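In my numbering, the protein residues as written are 147 to 220.
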């Protein structure tokens with residue numbers, strides 16, 4: 147995922163689109179709220195279709211990760 151980056155000194159280390167301060171979560175939130183790609187482009191004209199798809203691919207990768215929590219259930 148070369149279009150997604152995370153640096154401690156950019157946006158508090160949250161994943162962003164490379165060479166921008168546009169957080170992946172902001173794009174995903176917009177899509178989850180029903181925004182279309184043209185809507186995203188209206189708000190962020192510097193983005194490309196591939197970068198929006200990179201956000202979705204990033205989310206898909208996270209969804210495939212196994213998360214194990216330790217401790218007791220309450």
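From the three backbone atoms N, C-alpha and C, an ideal C-beta is built for every residue, glycine too. All values reported here derive from a predicted model rather than from experimental measurement.
- Message: Please state the DSSP three-state secondary structure of residue 170.
- Response: By 1-based counting over the chain shown, the position of residue 170 is 24. Residue 170 falls in the helix class under three-state DSSP.
- Query: What span of residues does the alpha helix (DSSP H) with residue 161 cover, start to end?
  - Reply: Taking the first residue of the chain shown as 1, we reach residue 161 at position 15. Neither: residue 161 is in no alpha helix (DSSP H) and is coded neither H nor E.
- Item | Whole-angstrom distance between residue 216 and residue 192, CA atom to CA atom | Here residue 192 refers to the residue found at position 46 when the chain shown is read from its first residue. Here residue 216 refers to the residue found at position 70 when the chain shown is read from its first residue. Each residue's alpha carbon lies about 42 Å from the other.
- Measure the CB-CB distance between residue 137 and residue 149 and report whether it falls below 8 Å. Nothing about residue 137 can be reported from this structure: the residues present for the chain run from 147 to 220 only.
- Task: Would you tell me roughly how many angstroms separate the C-alpha atoms of residue 171 and residue 198, rounded to the nearest one?
- Result: As a first step, residue 171 must be located in the chain shown, where it is residue number 25. As a first step, residue 198 must be located in the chain shown, where it is residue number 52. Straight-line Cα distance between these residues: approximately 11 Å.
- Query: So, are the CB atoms of residue 174 and residue 200 less than 8 Å apart?
  - Reply: Within the chain shown, residue 174 is the residue found at index 28, counting from 1. Within the chain shown, residue 200 is the residue found at index 54, counting from 1. No. Outside cutoff.
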